[in-house]
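Here's the structure, in structure tokens; my notes come after.
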Amino acid sequence: MAAEQMGVDQSKLEASTSLADLGADELDLVELVMTLEEEFDQTISDAEIERMSGGTDLTKGFGKLTMADLAALVED
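Counting in the numbering used here, the sequence shown runs from 1069 upward without gaps.
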């Protein structure tokens, strides 16, 4: 899902690949979270994303989020 949204080859994504590695910006993060929410029928709070990005301001810390972090947002 992230590969498609970011326009990268899925084989290049690893659990440790960060949004910064993909050249993502804040809008990309918002769109990716919205896609995850829709696909998995869940609500992901800004607070949860901020916690996963190191407790920093979301606009500054989003690049630290990895593919593993994003997957954890939708795991049961």
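Here a beta-carbon is modelled for each residue, glycine too, at the ideal position from N, C-alpha and C.
Here DSSP, grouped into helix, strand and coil, assigns Thr-1111 to coil.
Of the candidates Thr-1085, Thr-1134, Leu-1081 and Met-1074, the residue whose Cα lies closest to the Cα of Ile-1117 is Thr-1134. Between Leu-1141 and Ile-1112, the C-beta spacing is below 8 Å.
Distance from the CA of Phe-1108 to the CA of Lys-1132, rounded to the nearest whole angstrom, comes to 23 Å. In this structure Leu-1138 is buried. Its beta-carbon is surrounded by 16 or more other beta-carbon atoms within 10 angstroms. Proximity to Gly-1091 across Ala-1115, Ala-1070 and Ala-1136 peaks at Ala-1070, based on C-alpha coordinates.
Each residue's CA atom was taken as its position, placing Met-1120 and Ser-1086 some 12 Å apart.
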